[in-house]
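Q:
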Ligand code: 13P
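In our numbering, the protein residues as written are 98 to 384.
(1) Roughly how many angstroms separate the alpha carbons of residue 276 and residue 370, rounded to a whole number?
(2) List the endpoints of the continuous beta strand (DSSP E) containing residue 118.
(3) What ranges does the alpha helix (DSSP H) occupy inside the stretch 192-235, keeping only unbroken runs of at least 4 residues that lie completely in it?
(4) When the cut-off is 8 Å and only beta carbons count, does residue 100 lie next to chain D?
(5) Hey, how far is the Cα of residue 182 from the Cα of residue 196?
(6) Considering only the alpha carbon of each residue, which of 367, 318, 172 and 203 lies closest to residue 106?
(7) Flag this pair as yes or no: are the beta carbons of residue 307 and residue 315 separated by less than 8 Å?
(8) Run the Cβ filter for me: residues under 6 Å from any heavy atom of the ligand 13P, listed in the order they occur in the chain.
(9) Are there 16 or more other CB atoms within 10 angstroms of the CB of residue 148, so buried, or fewer, so exposed?
(10) Return helix, strand or coil for residue 442, following the three-state DSSP convention.
(11) Do residue 120 and residue 329 have their C-beta atoms closer together than 8 Å?
(12) Residue 124 lies in the alpha helix (DSSP H); which residues open and close that run?
(13) I think residue 335 touches residue 367, with their Cβ atoms under 8 Å apart; what is that distance to the nearest whole Å?
Have a look at this one:
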């Protein structure tokens, strides 16, 4: 069943666990994510970034929404890291049921003003909105372990942002970084920062940068107030590594059904592991 963020997060409300939000580009990874969630009876968020939306034809999202409507689990199609009003509106026109507006690199007041405008338009269409305060880190150099300066979210700012914008969920910067974690970089989720925000903010909290974070820290964050965890790089990298492996080991392999099928299974295993870690396996009673 396709709904928005509210629909998908409702089954985990008050249960100290989180819903997985997996970034997909095309139909094979989409298939892997949805099937993994259905097999585990977990709500799921399929999300797509603006550069991926540009890469694909908009008709792809007709297939995504149709498939998700017919799923027995609660699903949402979420536009991740929208950077403009127009981008978010385009996603809504394409059938996305939820959008993120990431104004985290804007001056705080500007972030509030633009997010509020997007919330007003999106809510009129029954679409939910995720905002962001603070700034989540980004892997800059995988070889040297360089990560750009992250700005931890501040609890007072987070509370004010939510009250003044009306967002349905809030992405917080608590020590995770986007992208594969560089060798030698030791990520640390600041549970103290999370605790302070969770005490002040009445909407579900979102953790970005779910790839390569230590399992125990992620599981603890989900128990302590994170309701949505974004994962992208880890399973995409595994997908292409498996494709490369199959191609290298079988010179006659030329069919997607032969090559991609194994990569889909690889992604399903990773997605299932994440869902178990987030604690949302089995929370859907319907199927
Ligand atoms: P990773 O690529 O680090 O998993 O981050 C995904 C993400 O946060 C997308 O918004």
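Glycine included, each C-beta is placed from N, C-alpha and C at the ideal position.
A: Taking the geometry as given:
(1) 18 Å
(2) 116-120
(3) 205-221
(4) Here chain D cannot be found, since the structure has a single protein chain.
(5) 10 Å
(6) 172
(7) yes
(8) 120, 177, 178, 275, 276, 305, 306, 307, 308, 327, 328, 329, 330 and 331
(9) exposed
(10) Because the chain is modelled from 98 through 384, residue 442 falls outside the range shown and cannot be assessed.
(11) yes
(12) 124-137
(13) 6 Å
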